[in-house]
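J.:
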Amino acid sequence: MKVVSLTFPGRFEDAFLYMGRLFTITENHSVCVYDMKRIISKLEEEKDLLDAPTLLFFRNDWIDSEQFRHRLGDELKKKAFLRAIEKLESEPIQITTDFVQPIEWDLGITADILLDLNIYNGRAYIGTNKGLYHLDLDWEAESITPIAKAQKRLDAKCVHTTARYGTVNASCGSEGWFSFLDDFDLGASNTRREKHIPEYSLKTNWLDFDVVNYPTSISPTLFSSVRTAASQAFSESKQNFDLEQERWIVTDLEDEEFSLDNLFDNLNHGFSFENLQFVYNSSQALFLSTYDEYFFALHLERRSSSAPTVSRVSDFKGLKGLVSSLHTISAGRKPGLILETDEQILLFANCKFIPLFHDEVISIRTFSRSRHYRNIVSITTSDEIKLIAIFDDKA
Numbered sequence: 001m002k003v004v005s006l007t008f009p010g011r012f013e014d015a016f017l018y019m020g021r022l023f024t025i026t027e028n029h030s031v032c033v034y035d036m037k038r039i040i041s042k043l044e045e046e047k048d049l050l051d052a053p054t055l056l057f058f059r060n061d062w063i064d065s066e067q068f069r070h071r072l073g074d075e076l077k078k079k080a081f082l083r084a085i086e087k088l089e090s091e092p093i094q095i096t097t098d099f100v101q102p103i104e105w106d107l108g109i110t111a112d113i114l115l116d117l118n119i120y121n122g123r124a125y126i127g128t129n130k131g132l133y134h135l136d137l138d139w140e141a142e143s144i145t146p147i148a149k150a151q152k153r154l155d156a157k158c159v160h161t162t163a164r165y166g167t168v169n170a171s172c173g174s175e176g177w178f179s180f181l182d183d184f185d186l187g188a189s190n191t192r193r194e195k196h197i198p199e200y201s202l203k204t205n206w207l208d209f210d211v212v213n214y215p216t217s218i219s220p221t222l223f224s225s226v227r228t229a230a231s232q233a234f235s236e237s238k239q240n241f242d243l244e245q246e247r248w249i250v251t252d253l254e255d256e257e258f259s260l261d262n263l264f265d266n267l268n269h270g271f272s273f274e275n276l277q278f279v280y281n282s283s284q285a286l287f288l289s290t291y292d293e294y295f296f297a298l299h300l301e302r303r304s305s306s307a308p309t310v311s312r313v314s315d316f317k318g319l320k321g322l323v324s325s326l327h328t329i330s331a332g333r334k335p336g337l338i339l340e341t342d343e344q345i346l347l348f349a350n351c352k353f354i355p356l357f358h359d360e361v362i363s364i365r366t367f368s369r370s371r372h373y374r375n376i377v378s379i380t381t382s383d384e385i386k387l388i389a390i391f392d393d394k395a
């Protein structure tokens, strides 16, 4: 497994990779937008790296293309490409303002602390101690700037957001969580509205079309959704843009909730609920870490809108440290995970824990639903942003 990084020095609070740009927010609450295409072009021109930077940091979907597989069938071309990867891996590159100048402008919001950043369907969502804001941006413009001023959506302190199927969920701790259903009017009829769920919320995540809320880090509850097909007119209008192409839209959430704790009852893998330390879900699995350094993957099975059941359990020994966050990523042709612990940042791939980073971080982002950046991790620290690309050379 090859781990390649680009470093952006500076004092930032968060970063998000979207539509060929690295969108960052500084500690002064200004926005710096880096054009990744310009950065990649300069790297390939000046560093003799072939097209390795493009495939790692700009279009990693091309790695799975027939053209790329055919190219690596030639032994000389394969060796040349792997040499470029190894050169990148051994010589981490700093992207300073001398290398490329970002576009910068003031964010224009009233808040002391930024707590979360998300970009979905071209709109930036910013969670702060003073509420949730959104900012519409013109991604087609060469010099990306806001279409209008930031709009405040909530007054409650917003600690976390998730977005999918046209809907945005905002977790606000003791204020519960707010679901902005069909926030872009993607449905064929008027289905846009706001729903408030009073249950305490540290974060939410998606389980297929449904929403999982976390009142604590170990007690997920499932809320089933109601969905409809996206408007055909909207889908056709988006065909020339690289925005999210949602075929289904979530238009409501059922009031009845289902506790996922029940899925832990019969694991029979040396598991005890008293040892449970952290829980995270992807669309098809639950992941559990324990205080005695076990890591469990519960593969889920569902029929229509019924409650999920566990179809298979995998357990792994050797996880060091306490987990504080988990994020999905692509590692080669298989899914992987990024684990933030109190000791380090780890990649979990091919049933192994691989150290990626040893230091305190402000935020971690992965882009598993992106077509172009599924193998990339963005890590923001007190003095830099690090984009880390994962390349499975053995695959």
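Quick note: the sequence shown, position 37, residue 37 per this note's numbering, numbers continuous.
All residues carry an ideal CB built from backbone N, CA and C; glycine is no exception.
1. Suppose you measure from the CA of Asp155 to the CA of Gly127; what does that come to, to the nearest Å?
2. Is the distance from the Cβ of Gly187 to the Cβ of Ala230 below 8 Å?
3. Give, in chain order, every unbroken run of the alpha helix (DSSP H) that is at least 4 residues long and sits entirely within the stretch 277-327.
4. DSSP state of Arg247, grouped into three classes?
5. If you draw a straight line from the alpha carbon of Phe12 to that of Asp112, how long is it in whole angstroms?
6. Could you tell me which of Ala307, Thr162 and Tyr125 sits nearest to Gln151, measuring between CA atoms?
7. Along the beta strand (DSSP E) that carries His70, what are the first and last residues, could you check?
8. Is Lys203 helix, strand or coil by DSSP?
9. Would you check if the stretch 139-146 and the stretch 180-197 touch, i.e. whether three or more CB-CB distances between them fall below 8 Å?
10. Using the C-alpha atoms, what's the distance from Ser283 back to Pro53?
11. Looking at Leu222: is its Cβ nearer than 8 Å to the Cβ of Tyr214?
12. Give the straight-line distance between the Cα atoms of Asp98 and Lys386, rounded to the nearest whole angstrom.
13. Check for me: the beta strand (DSSP E) holding Phe223 runs from which residue to which?
14. According to DSSP, is Lys334 helix, strand or coil?
15. Between Glu91, Asn121, Thr290 and Asn129, which has its C-alpha nearest Ile109's C-alpha?
16. Return yes when the Cβ of Ser224 is within less than 8 Å of the Cβ of Val250, no when it is not.
17. Pick from Glu293, Tyr291, Pro355 and Thr309: whose alpha carbon is nearest that of His299?
18. In terms of alpha-carbon separation, which member of Ile390, Ser378 and Asp383 lies closest to Leu117?
19. Would DSSP call Ile63 helix, strand or coil?
20. With distances taken between CB atoms, is the gap from Phe58 to His358 smaller than 8 Å?
21. Quick check on this structure: which residue in Leu6, Lys2 and Asp14 has the alpha carbon closest to the alpha carbon of Val361?
T.: In this structure, then:
1. For the purposes of this step, residue 155 is taken as residue 155 along the sequence shown, with counting starting at 1. For the purposes of this step, residue 127 is taken as residue 127 along the sequence shown, with counting starting at 1. C-alpha separation (whole angstroms): 10 Å.
2. The residue you call residue 187 lines up with position 187 of the sequence shown. The residue you call residue 230 lines up with position 230 of the sequence shown. Taking C-beta atoms as the reference points, Gly187 and Ala230 count as a pair closer than 8 Å.
3. Runs found: none.
4. The sequence position of residue 247 within the sequence shown is 247, counting from 1. Arg247: coil per DSSP, three-state reduction.
5. Sequence index remark: in the sequence shown, residue 12 carries index 12 (1-based). Sequence index remark: in the sequence shown, residue 112 carries index 112 (1-based). CA-to-CA, the gap between Phe12 and Asp112 works out to about 14 Å.
6. Counting from one through the sequence shown, the residue named residue 151 turns up at place 151. The shortest C-alpha separation from Gln151 is found at Tyr125.
7. In the sequence shown, residue 70 corresponds to position 70, counting from 1. Taken as a continuous stretch (DSSP letters only), His70 belongs to no beta strand (DSSP E), being part of the alpha helix (DSSP H) at Glu66 to Arg71.
8. Indexing the sequence shown from 1 puts residue 203 at position 203. Assigned with DSSP and collapsed to three states, Lys203 falls in strand.
9. Proximity of the stretch 180-197 to the stretch 139-146 falls short of the contact definition, fewer than three beta-carbon pairs being nearer than 8 Å.
10. For the purposes of this step, residue 53 is taken as the residue at position 53 of the sequence shown. For the purposes of this step, residue 283 is taken as the residue at position 283 of the sequence shown. Here the C-alpha atom of Pro53 lies approximately 30 Å from the C-alpha atom of Ser283.
11. Indexing the sequence shown from 1 puts residue 222 at position 222. Indexing the sequence shown from 1 puts residue 214 at position 214. No, the Cβ-Cβ distance between Leu222 and Tyr214 is not below 8 Å.
12. Counting from one through the sequence shown, the residue named residue 98 turns up at place 98. Counting from one through the sequence shown, the residue named residue 386 turns up at place 386. In a straight line, the C-alpha of Asp98 is about 17 Å away from that of Lys386.
13. Translated into positions along the sequence shown, residue 223 becomes position 223. Judged by DSSP secondary structure, Phe223 falls within the beta strand (DSSP E) whose first and last residues are Thr221 to Ala229.
14. Locating residue 334 in the sequence shown gives position 334, where the first residue counts as 1. DSSP places Lys334 in strand when its eight states are reduced to three.
15. For the purposes of this step, residue 109 is identified with residue 109 of the sequence shown, where counting begins at 1. The option with the nearest alpha carbon to Ile109 is Asn129.
16. Counting from one through the sequence shown, the residue named residue 250 turns up at place 250. Counting from one through the sequence shown, the residue named residue 224 turns up at place 224. With contacts defined as CB atoms closer than 8 Å, Val250 and Ser224 fail to qualify as a contacting pair.
17. Position 299 of the sequence shown holds residue 299. Comparing Cα-Cα distances from His299 to each of Glu293, Tyr291, Pro355 and Thr309, the minimum goes to Thr309.
18. In the sequence shown, the residue the question calls residue 117 occupies position 117. The shortest C-alpha separation from Leu117 is found at Ser378.
19. Position 63 of the sequence shown, counted from the start, is the residue given in the question as residue 63. Here Ile63 carries a helix assignment [DSSP, helix/strand/coil].
20. Locating residue 58 in the sequence shown gives position 58, where the first residue counts as 1. Locating residue 358 in the sequence shown gives position 358, where the first residue counts as 1. Taking 8 Å as the cut-off, the beta carbon of Phe58 is found no closer than this to the beta carbon of His358.
21. Residue numbering aside, residue 361 sits at position 361 when the sequence shown is read from its first letter. Ranking Leu6, Lys2 and Asp14 by Cα distance to Val361 puts Asp14 first.
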